[in-house]
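Counted from 1, the sequence shown has number 739 at position 154 by my numbering; the numbering is strictly sequential.
These notes are about the structure you will find just below.
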Amino acid sequence: MSAVYIIPGSGFGATRSIALHNLQGSPLARLSGTQDYPVTLHADPAVAGLRVRLDGTPLAIMPAADCAEYPELQWLLDQGLTPQVTARISANGLASTAHLRLPRPGLCIPANNPPTQPYVLLPPGLYGHGAVLTQLPDALGVHPRSRVHVLLKLSTSPAGVEVHLGSHHVGTLADDDAARLAPTIAQHEQRGVMVIARGYLAPRGDESTLTLYAAAKDFDAADVTHAAPMRGEASSFETTTFLAQTPQQPGPLNATGEFPAVQPAGYPTAQPAGYPGADTAHSTKPGGGGASRWGTWALLALVLVAAAAVLISLAFYVF
């Protein structure tokens, strides 16, 4: 059985609600009311889209059109991982409905790679109530409009609990958050296990903020991941930052002078969620601005036709 990859249903900006098709009566029969359930997504050549299972039983189909907006789901499946997402199910006989609750496309998986050394990903706690860090260092190169899902390293120090994104120190947790998480982090550090947590970079006013989601949890050897789950990742977690491109300029360079590997190897490159598409009317590619040239020729043709009509009218008038 493949490893399960949990995709948060909230906490990463606006949540999308995706209607599921072809609901099966068997799993719905034991449900009542409206509740959220963890479901898994599976490739099935017999259906157009992804099959959705509840407790291992086929529940419904995620339509192909919606799957196309989330290429990261197929990427996870290609890596041998099983996506687990949240489904909001309203059980009401023949009127039953089910909707997947997903973040925006591009926010389902972190933009940076997990560590290659042993690590534990802390449970998120209550999404929407994370620790917020502001005044992020300029070295991150974060555009104020960027929305990015990242993995953060947590470590203890005399000052409290430090937060790092790749090789960048992004802040120190407030005293109450530090007191809550420090014992958990110390337990893992004593065993040589790195502690990481999910984070969400998002705009707030004119600046970017980082919300960290982590709950305290006692050390359990079963929770330790000894190697990155992705095959052939481009570079290590410690040296990798994320893509912070804007439509106007490329992202930051890393310490080696190269563009950082911001997505796990094999994941299709995409513009950060929430950005407008490319302005094709101002294309700088060879042949760009073709539409503008055709408009000019069409206008010229209209002028010539109008001039010819005037000349013909004058000729009839004279003769």
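The beta-carbon is built from N, C-alpha and C at its ideal position, and this holds for glycine as well.
Annotated three-state conformation of Q620 is strand, per DSSP. Rounded to the nearest angstrom, the Cβ distance from V809 to P703 is 5 Å, consistent with a contact under 8 Å.
When rounded, the separation of the alpha-carbon atoms in P656 and T625 is 16 Å. Ranked by Cα distance from S611, the options L679, G596, T600, A716 are led by L679.
S793 counts as buried, since no fewer than 16 other beta carbons sit within 10 angstroms of its beta carbon. Spanning the alpha carbons of A631 and V589 requires a straight line of approximately 22 Å. Measuring C-alpha to C-alpha distances from A633 to each of N697, P648, A724, P643 identifies P648 as the nearest. A check of alpha carbon separations from V735 across G745, L692, G715, V717 identifies L692 as the nearest.
By the neighbour-count criterion, in which a residue is buried when 16 or more other Cβ atoms sit within 10 angstroms of its Cβ, G726 is buried. K738 has H749, I781 as its beta-bridge partners, per DSSP.
L766 places its beta carbon less than 7 Å from that of A801.
Distances from the alpha-carbon of S681 to those of V746, Q620, D760 put Q620 closest.
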